[in-house]
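*Asks:*
Residue numbers (this note's numbering), protein chains in the order written: chain S, 6 to 402; chain C, -17 to 96.
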């Protein structure tokens, strides 16, 4: 029993590192675990290693909001949190932005855990039905979001431009294709515009407004439905699930949007565990690692992983809020213009290290595309076309 | 600089950038990865590999090839479009993304070079 708690704690440390370091993906640690599986299995058993992976993966979905909000360096799952997060940061509420994503992650996880008995029966059904229609669902939702925008023409142009660029980038011979693509579209472009407008980060307040229960329920509900229906399909992830969820309501406040994004990331991760139990399909690197180590995935394992997820969620709230508090205090003490330039340099270096010269070229072009919607006053959500159009074409062609 | 001018410059440069990367992508060659080195560690990455066709299965929408190099094998999934024909024991090069299905590593082919 004590081994399980040790695995949870080590998993949490690994989750903090992967969540806070831009470009360090969960898959990297999962690969390291599988590579050293024979050694690890000589000192412990497969279940304990799996507990480590689950702990790391769940904690990662809480802490990865911090670099997105404070640094503007997102992953696929947190790309849409950059803009509202940055906007709250400029109001002195960076801590609150992180807290909102945590509310989403925590309540999303609890809700989906309560739904597990139902999901065990529903997931195979959803999988078999929706799989054939995902392209049409994404087309309808993308069109709906474009039509809903006041500047429809430009919304369509930006969706297609990002989409075509997404297709090109995802087919370029480079590793970690998503890092330069998403960092440019949502990260460096936001920071450059902040630099251009000479904004300053005000003193950060460690407080948050009380949200109405209705707003929380709307965000969590949308997150649960979108993640359950599309988050587990092949080629589709939390980014696409967020776009589907955004079509559920006409108006999203910055706060409810951040709850939604936080919830989708954690729910999708947790549902991948349930999906592996029900349809035996590994939907991300963490589950692939578990599938390599665990010979059989039983109901007992599922129950253990649910318990582990709940313990980790509790720890994740404390850890993430503590780090966010520290980051908020740090932001107030440093020169924002200098910080922005340092972050851009960091993202450029990471693009070089992770994806080489081609990654750097992708970062430049995606940054140029990323500033366009803001300059035209169009929603930046349409830039998710970079992930949606390739999926639509994958299913249609 | 006002926003309209900046927007026009960014739009022009981004279209130019997209075009340049498209051309680059068309002419760039992937480094070849031997079949034995393709596993879950390369999941979701685009790879290029080559080998002999050891077995061909055909479903309504797919060709499923077993590609072999020495004693190493990998499954290649090809979505049917146009007139594609494959012959057993012929040599092909495949470019595609690495994926996992039922615990086995596979390549979803994007380009086949015979």
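Ideal placement from N, C-alpha and C gives every residue a C-beta, glycine not left out.
Just so you know, these numbers come straight off a predicted model, no measurement behind them.
(1) Is it right to say residue 396 of chain S is buried, meaning 16 or more other beta carbons lie within 10 angstroms of its own, or is it exposed?
(2) State yes or no: is the C-beta of residue 166 of chain S within less than 8 Å of the C-beta of residue 174 of chain S?
(3) From residue 112 of chain S to residue 21 of chain S, what distance separates their C-alpha atoms?
(4) So, is the C-beta of residue 233 of chain S closer than 8 Å to a C-beta in chain C?
(5) Can you check which of these residues, S:197, S:206, S:260 and S:248, is closest to residue 142 of chain S by C-alpha distance?
(6) Would you say residue 287 of chain S lies against chain C (beta-carbon separation less than 8 Å)?
(7) Taking CB distances under 8 Å as the criterion, tell me whether residue 65 of chain C reaches chain S.
(8) Taking residue 274 of chain S as the reference, give the member of S:44, S:15 and S:59 with the closest Cα.
(9) Counting only C-beta atoms, is residue 55 of chain C closer than 8 Å to chain S at any point?
(10) With a cut-off of 8 Å, does the C-beta of residue 46 of chain C fall near any C-beta of chain S?
(11) Taking 8 Å as the CB-CB cut-off, is residue 1 of chain S touching chain C?
(12) Which residues in the same chain as residue 333 of chain S place their Cβ atom closer than 7 Å to its Cβ, once the five residues preceding and following it in sequence are excluded?
(13) Scan the stretch -17 to 8 of chain C for residues whose Cβ lies nearer than 7 Å to a Cβ of chain S and list them as they occur along the chain.
(14) Along the stretch 368 to 379 of chain S, what residues have a CB closer than 7 Å to any CB found in chain C?
(15) Going by C-alpha to C-alpha distance, which of C:-1, C:-14 and C:87 sits closest to residue 364 of chain S?
(16) Out of S:177, S:198, S:127 and S:213, which has the shortest C-alpha to C-alpha gap to residue 330 of chain S?
(17) How about residue 268 of chain S and residue 292 of chain S: are their beta carbons less than 8 Å apart?
(18) Please list, in chain order, the residues of the stretch 73 to 87 of chain C that have any C-beta partner in chain S closer than 7 Å.
(19) With distances taken Cα to Cα, identify the nearest neighbour of residue 321 of chain S among S:6, S:19, S:9 and S:7.
(20) Which whole runs of the alpha helix (DSSP H) in the stretch 61 to 101 of chain S are 4 residues long or more, in chain order?
(21) Counting only C-beta atoms, is residue 296 of chain S closer than 8 Å to chain C at any point?
(22) At least one CB of chain C closer than 8 Å to the CB of residue 166 of chain S: is that the case?
(23) From residue 43 of chain S to residue 19 of chain C, what distance separates their C-alpha atoms?
(24) How is the beta strand (DSSP E) around residue 37 of chain C delimited, first residue to last?
(25) Please tell me whether residue 25 of chain C has its Cβ less than 8 Å away from any Cβ of chain S.
(26) Taking 8 Å as the CB-CB limit, is residue 178 of chain S close to chain C?
(27) Out of C:51, C:29, C:62 and C:82, which one is the CA nearest neighbour of residue 35 of chain C?
(28) Report yes or no: is there a C-beta of chain C within less than 8 Å of the C-beta of residue 67 of chain S?
(29) Would you verify that the beta carbon of residue 381 of chain S is, or is not, closer than 8 Å to some beta carbon of chain C?
(30) On the DSSP letters alone, give me the boundaries of the beta strand (DSSP E) that residue 79 of chain C sits inside.
(31) Alpha carbon to alpha carbon, how far is residue 125 of chain S from residue 230 of chain S?
(32) Hey, is the stretch 53 to 71 of chain C in contact with the stretch 86 to 94 of chain C, meaning 3+ C-beta pairs nearer than 8 Å?
(33) Taking 8 Å as the cut-off, decide whether the C-beta atoms of residue 34 of chain S and residue 61 of chain S are in contact.
(34) Tell me which residue opens and which closes the beta strand (DSSP E) that residue 86 of chain C is part of.
(35) For residue 46 of chain C versus residue 89 of chain C, is the C-beta spacing smaller than 8 Å?
(36) Taking buried to mean at least 16 other C-beta atoms within 10 Å of its own C-beta, is residue 179 of chain S buried or exposed?
*Replies:* Result, derived from the coordinates:
(1) Taking the first chain and counting its residues from 1, the one referred to as residue 396 of chain S is at position 391. Looking at its Cβ environment, which holds 16 or more other Cβ atoms inside 10 Å, residue 396 of chain S is buried.
(2) On the first chain, residue 166 of chain S is found 161 positions in, with the first residue counted as 1. On the first chain, residue 174 of chain S is found 169 positions in, with the first residue counted as 1. Result no, Cβ atoms of residue 166 of chain S and residue 174 of chain S do not sit closer than 8 Å.
(3) Translated into the one-based positions of the first chain, residue 112 of chain S becomes position 107. Translated into the one-based positions of the first chain, residue 21 of chain S becomes position 16. So the two alpha carbons sit approximately 20 Å from each other.
(4) Taking the first residue of the first chain as 1, we reach residue 233 of chain S at position 228. Residue 233 of chain S does not count as touching chain C.
(5) For the purposes of this step, residue 142 of chain S is taken as the residue at position 137 of the first chain. The candidate whose alpha carbon is nearest that of residue 142 of chain S is S:248.
(6) Within the first chain, numbered from 1, the residue matching residue 287 of chain S stands at position 282. Judged by the 8 Å Cβ criterion, residue 287 of chain S is in contact with chain C.
(7) By one-based count along the second chain, residue 65 of chain C stands at place 83. Chain S, which has no Cβ nearer than 8 Å to the Cβ of residue 65 of chain C, makes this no.
(8) Counting from one through the first chain, the residue named residue 274 of chain S turns up at place 269. Among S:44, S:15 and S:59, the Cα nearest to that of residue 274 of chain S is on S:59.
(9) If you number the second chain from 1, residue 55 of chain C lands on position 73. Taking Cβ atoms only, chain S never reaches closer than 8 Å to residue 55 of chain C, which makes this a no.
(10) Taking the second chain and counting its residues from 1, the one referred to as residue 46 of chain C is at position 64. No, residue 46 of chain C does not count as interfacial toward chain S.
(11) Absent from the model: residue 1 of chain S. The displayed extent of chain S is 6 to 402, so no value can be given.
(12) Walking along the first chain from the start, residue 333 of chain S turns up at place 328. Within the same chain, residue 333 of chain S has close Cβ partners 99, 100, 209 and 211.
(13) -15, -12, -11, -8, -7, -5, -4, -1, 0, 3, 4 and 7
(14) 369, 370, 373, 374, 376 and 377
(15) Within the first chain, the letter at position 359 stands for residue 364 of chain S. When each option's Cα is compared against that of residue 364 of chain S, the closest is C:-1.
(16) By 1-based counting over the first chain, the position of residue 330 of chain S is 325. With distances taken between Cα atoms, residue 330 of chain S lies closest to S:213.
(17) Residue numbering aside, residue 268 of chain S sits at position 263 when the first chain is read from its first letter. Residue numbering aside, residue 292 of chain S sits at position 287 when the first chain is read from its first letter. No. Outside cutoff.
(18) 82 and 85
(19) Taking the first residue of the first chain as 1, we reach residue 321 of chain S at position 316. Here the closest residue by C-alpha is S:19.
(20) 87 to 95
(21) Working through the first chain from its first residue, we reach residue 296 of chain S at position 291. Judged by the 8 Å Cβ criterion, residue 296 of chain S is in contact with chain C.
(22) Mapped onto the first chain, residue 166 of chain S falls at position 161. It does; some Cβ of chain C falls within 8 Å.
(23) Counting from 1 along the first chain, the entry for residue 43 of chain S is found at position 38. Counting from 1 along the second chain, the entry for residue 19 of chain C is found at position 37. Spanning the two alpha carbons is a distance of roughly 19 Å.
(24) For this step, residue 37 of chain C is matched to residue 55 along the second chain. That run of the beta strand (DSSP E) goes 28 to 40.
(25) By one-based count along the second chain, residue 25 of chain C stands at place 43. Answer yes: the Cβ-Cβ gap between residue 25 of chain C and chain S drops below 8 Å somewhere.
(26) Along the first chain, one-based indexing puts residue 178 of chain S at 173. Taking Cβ atoms only, chain C reaches closer than 8 Å to residue 178 of chain S, which makes this a yes.
(27) Residue numbering aside, residue 35 of chain C sits at position 53 when the second chain is read from its first letter. Cα-wise, what sits closest to residue 35 of chain C is C:51.
(28) Here the question's residue 67 of chain S lines up with position 62 in the first chain. Answer no: the Cβ-Cβ gap between residue 67 of chain S and chain C never drops below 8 Å.
(29) The residue you call residue 381 of chain S lines up with position 376 of the first chain. It does: the Cβ of residue 381 of chain S has a partner Cβ on chain C nearer than 8 Å.
(30) The count along the second chain starts at 1 and reaches residue 79 of chain C at position 97. From DSSP, the beta strand (DSSP E) with residue 79 of chain C extends over 73 to 83.
(31) Position 120 of the first chain, counting from 1, holds the residue named residue 125 of chain S. Position 225 of the first chain, counting from 1, holds the residue named residue 230 of chain S. Computed Cα separation, rounded: 15 Å.
(32) yes
(33) Here residue 34 of chain S refers to the residue found at position 29 when the first chain is read from its first residue. Here residue 61 of chain S refers to the residue found at position 56 when the first chain is read from its first residue. Yes. Within cutoff.
(34) Translated into positions along the second chain, residue 86 of chain C becomes position 104. It spans 86 to 95 - the beta strand (DSSP E) in which residue 86 of chain C sits, taken as one unbroken run.
(35) The residue labelled residue 46 of chain C in the question sits at position 64 within the second chain. The residue labelled residue 89 of chain C in the question sits at position 107 within the second chain. Cβ distance not < 8 Å, so residue 46 of chain C and residue 89 of chain C don't count as in contact.
(36) Your numbering for residue 179 of chain S matches position 174 in the first chain. Classification of residue 179 of chain S: buried, given that the 10 Å Cβ count is 16 or more.
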